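Chains R and V supply the protein sequences, listed in that same order.
Going by the working numbering, the first residue of the first sequence is number 1, and it counts up by one from there.
Going by the working numbering, the first residue of the second sequence is number 185, and it counts up by one from there.
We put the beta carbon where it would ideally sit given N, CA and C, even for glycine.
If you're wondering where the values come from, they're calculated on a predicted model, not measured in any experiment.
Only one structure is covered here, and it is reproduced in the block below.
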Amino acid sequence: MSRPGNFTRLQGKKAIRSFARKLAEPETIKDLNITPMMDMMTIILVFLLKSFSSTTNLITQDQNLSLTPSQTRLAPKQAVGLTITKRVVLIEGEPVAPINNGKIDPALKRDGENGYYVTPIVDMLTRVSNRERKVAEMTGNKFEAELMVVADRHTPYRLLTEILYSCGQAGYSNYRLLVLKNRE
Amino acid sequence: MRRLKEANDDAEEEMGEINLVPYMDIVTNIIIFLLAISLTQVPLGNVNVSVPTLGAGSSASDTPEKEPLNLTVTVAGSGFIVAGSGAVIPPIPKLPSGQYDFDALTVKLAEIKKEFPSETKANFNADAFLPYELVIQTLDAMREGKDGKLLFPDVIFAAGIL
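Put into structure tokens, the structure is as follows:
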């Protein structure tokens, strides 16, 4: 029977051995606390997603659609999208009128070859503008009548004005021509 | 009280710790994907234009305002034609290389701006076959002077075509 504070020989040896083992083995982290790292990553993720959602739609450039550079400093704003490629006119990503050699098929125009009124564009945009007006009414906002025009750099001015005239007939009179900002 | 604490301890033991590693894998992948996209993304800008709209005419009792400038820039096959309020300035011909002289147009418009500092509107007209690229370059030349001052940023596409 040993009094407290007094070790037997065996107990002393055990204590020395365990102390020596503790000294020899470096402390290993058994359980890493990843919660702060997760917090940080979630914040970065939310920030990136937010910054991506605030920019306009991503535009894929190819041989039929190459944007033109400009010195403008204005940032693009979300609006109804109208795309003019070398082959087709698209409204909100939906093909509306085919283009052949920089011209719209005269059969699609109300007034024939020299006309400006492209019927499918006016019809489609009238539907879109009606929808936009209803949304603006319901949300208490003003209908801005803005179009975001993405056009190929080789689009002839005549074709551009024909399309813009048709847009005007559907109630859209303000256009945001999307361009590539020149890096300075 | 002790029973309640014991019950809580039991519940914690049963739930264990949520395994966050798969969640972290997904988040890391999405972040890398978004960062990679942002590197290849090209900066986009926009140029604002409008077309003439019909509006109610002003009544005769209105106070007579200063005569509007009605500046019109036309891109013809031979060069730029600048006109306004009944006057036509001598046309700005193309450079010997066959390119349009955008610098001369900017200088000319800066001179006009000095005479009409409050005017910001300009009509734009062009040759039917003028490519969109040159339309934008002309609008750039009309919008800002060499010193960075705004010239005629409110461009209206004229109804007619050459």
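Less than 8 Å between the CB atoms is what I'm expecting for residue i and residue j, so what's the real figure, rounded?
i: N182 of chain R; j: P69 of chain R; result: 5 Å
i: L48 of chain R; j: L218 of chain V; result: 4 Å
i: L74 of chain R; j: C167 of chain R; result: 20 Å between Cβ atoms; not a contact.
i: P165 of chain R; j: A310 of chain V; result: Note that residue 165 of chain R is Tyr in the sequence shown, not Pro. That pair is no contact at about 14 Å.
i: N230 of chain V; j: V179 of chain R; result: 7 Å
i: T161 of chain R; j: I84 of chain R; result: Between I84 of chain R and T161 of chain R the Cβ distance is about 12 Å, and since that is not below 8 Å, they are no contact.
i: P120 of chain R; j: V96 of chain R; result: 5 Å
i: Y316 of chain V; j: D152 of chain R; result: 7 Å
i: A306 of chain V; j: V339 of chain V; result: 6 Å
i: K109 of chain R; j: I99 of chain R; result: That pair is no contact at about 13 Å.
Grab the span of the alpha helix (DSSP H) containing residue i for me, first residue to last.
i: S347 of chain V; result: Here chain V has residues from 185 to 346 only, and residue 347 of chain V is not among them.
i: L125 of chain R; result: T119 to T139
i: L180 of chain R; result: No alpha helix (DSSP H) holds L180 of chain R; the beta strand (DSSP E) holding it covers N174 to K181.
i: S166 of chain R; result: Y157 to Q169
i: L293 of chain V; result: F286 to E299
Can you find a CB in chain V that lies within less than 8 Å of the CB of residue i?
i: F19 of chain R; result: no
i: I43 of chain R; result: no
i: M138 of chain R; result: no
i: Q71 of chain R; result: yes
i: L82 of chain R; result: no
i: S2 of chain R; result: Any answer about S2 of chain R is weak, because its pLDDT of 48 lies below 50 and its placement is not dependable; what the coordinates show is given next. Taking Cβ atoms only, chain V never reaches closer than 8 Å to S2 of chain R, which makes this a no.
i: L48 of chain R; result: yes
i: L65 of chain R; result: no
i: E94 of chain R; result: no
In chain V, what lies closer than 8 Å to residue i by C-beta?
i: L74 of chain R; result: G229, N230, V231 and N232
i: V179 of chain R; result: L228, G229, N230, V231 and I320
i: T60 of chain R; result: Those do not exist, as T60 of chain R stays about 11 Å from chain V at its closest Cβ, beyond 8 Å.
For residue i, decide whether its Cβ has a neighbour in chain R, counting only Cβ atoms nearer than 8 Å.
i: R310 of chain V; result: Here residue 310 of chain V is Ala; the residue named in the question, Arg, does not match the sequence. Closer than 8 Å: yes.
i: G263 of chain V; result: no
i: I214 of chain V; result: yes
i: V211 of chain V; result: yes
i: F286 of chain V; result: no
i: A240 of chain V; result: Because A240 of chain V carries a pLDDT of 48, less than 50, the predicted location of this residue cannot be relied on, and no value is offered for it.
i: F341 of chain V; result: yes
i: E299 of chain V; result: no
Please find out if some non-hydrogen atom of the ligand NAD comes closer than 7 Å to the beta-carbon of residue i.
i: V122 of chain R; result: With respect to the ligand NAD, the structure offers nothing, as it holds no ligand at all.
Could you spell out where the beta strand (DSSP E) holding residue i opens and where it closes?
i: T256 of chain V; result: T256 to V259
i: E94 of chain R; result: E94 to N100
i: T83 of chain R; result: V80 to I84
i: E146 of chain R; result: E146 to A151
i: L228 of chain V; result: L228 to S234
i: A310 of chain V; result: K305 to A310
How would you list, in chain order, the residues of chain V whose beta-carbon sits under 9 Å from the beta-carbon of residue i?
i: T126 of chain R; result: Result: empty, since nearest Cβ-Cβ is about 16 Å, beyond 9 Å.
i: T85 of chain R; result: Residues of chain V passing the Cβ test: none, with the nearest at roughly 12 Å.
i: L90 of chain R; result: The premise fails here: L90 of chain R is roughly 16 Å from chain V at the closest Cβ pair, so nothing lies under 9 Å.
Check the Cβ of residue i against every Cβ in chain R and list those closer than 9 Å, keeping chain order.
i: M326 of chain V; result: Within 9 Å Cβ-Cβ: nothing; M326 of chain V doesn't reach chain R, min ~11 Å.
So residue i contacts chain R; which residues on that side make the cut at Cβ distance below 8 Å?
i: Q314 of chain V; result: Contrary to the premise, residue 314 of chain V reads as Leu rather than Gln in this sequence. The contacting residues are P156 and Y157.
i: L204 of chain V; result: I34, T35 and M38
i: F336 of chain V; result: Ordered by position in chain R, no residue passes the 8 Å Cβ test against F336 of chain V, which lies about 14 Å from the chain.
Interface residues of chain R around residue i at Cβ under 7 Å?
i: V235 of chain V; result: L164, G168 and S173
Identify the contact partners of residue i in chain A, using a Cβ-Cβ distance below 7 Å as the criterion.
i: F52 of chain R; result: Absent from the structure: chain A. Protein chains present are R and V.
Taking C-beta pairs closer than 7 Å, name the residues in chain V that residue i reaches, listed in chain order.
i: R176 of chain R; result: N230 and N232
Of the residues that make up the region 142-153 of chain R, which ones have a beta carbon closer than 8 Å to any beta carbon in chain V? Cβ contacts with chain V: M148, A151, D152 and R153.
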